[in-house]
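Residue numbers (this note's numbering): 1 to 193.
We treat Cβ as the ideally placed atom computed from N, Cα and C, and that holds for glycine.
The structure presented is a predicted model; accordingly, all values stated were derived computationally and were not measured.
Notes for the one structure printed next.
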Ligand SMILES: C[S@@+](CC[C@H](N)C(=O)[O-])C[C@H]1O[C@@H](n2cnc3c(N)ncnc32)[C@H](O)[C@@H]1O
């Protein structure tokens with residue numbers, strides 16, 4: 001079991017290069033996820049694609065810093081060693097698109113932030129989106145990683161933008177992150193901008 005000091009120490013070591021960690025997201029991208037948790041204060045965070053636990057550690061740290069009860073669940077089809085085991089995170093092994101409904105169906109009425117970073121093929125990411133889209137509601141947020149760097153993700157994101165059903169924001173990072181938000185019932189987004 002880890003603790004917050006252990007996480008901060010490890011993050012500092014990753015930054016300095018004294019702790020070697022395979023990473024699919026830069027620190028800038030991890031900080032964007034952190035900032036989104038702080039901004040939206042969701043009741044539930046769900047990640048598709050845990051890998052070694054780098055991005056979920058940042059989101060869990062943000063949840064902890066908010067001092068409210070936030071459920072944090074991450075799913076990966078394979079069970080790799082984790083960079084940091086967070087006692088506040090539920091690590092689930094399985095195919096996200098097959099188990100998303102088990103996670104989300106009973107939690108439809110609480111606010112959600114979902115991070116999709118699993119299968120990056122078009123069919124894969126589209127399947128992940130299809131498995132969540134009927135459970136997201138007013139104000140909920142879905143972030144796609146690699147919306148610039150991966151063709152399949154780019155295509156899926158383009159389709160969602162064209163639908164004009166969601167507020168979209170692109171973060172111009174190396175791999176790209178795109179955020180979609182379900183418009184609030186009053187027609188406003190929760191964005192401060
Ligand atoms: C790019 S890595 C995720 C990186 C992680 N979010 C991070 O930056 O710390 C993609 C992960 O998605 C997982 N994956 C691929 N297909 C999946 C699926 N259908 N369901 C759940 N996980 C999947 C892979 O095993 C891999 O660990």
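Ranked by how close their Cα comes to the Cα of residue 183, the residues 73, 167, 173, 66 have 167 in first place. Closest by C-alpha distance to residue 97, out of 90, 77, 110, 84, is 77. In the assembly as shown, residue 174 is an exposed residue. Its beta-carbon has fewer than 16 other beta-carbons within 10 Å. Beyond the five residues adjoining it in sequence on each side, residue 185 comes within less than 6 Å, by CB distance, of 138 in the same chain, given in chain order. Around the C-beta of residue 36, 16 or more other C-beta atoms lie within 10 Å, and the residue is accordingly described as buried. The nearest non-hydrogen atom of ligand 1 is less than 7 Å from the C-beta of residue 75. A contact is defined here as three or more CB-CB pairs under 8 Å, and the stretch 84 to 91 fails this definition with respect to the stretch 118 to 128. Look at residue 108 here: in three-state DSSP terms it is coil, with no helix or strand label. For residue 113, the beta-bridge partners assigned by DSSP are 45, 141. Exclusion of residue 123 from the 7 Å shell around ligand 1 follows from its C-beta lying no nearer than that to any non-hydrogen atom of the ligand. Within the same chain, Cβ atoms closer than 6 Å to the Cβ of residue 110 are found at 43, 44, the five residues on either side in sequence being excluded. In this structure, residue 154 sits near residue 147, with a CB-CB distance shorter than 8 Å.
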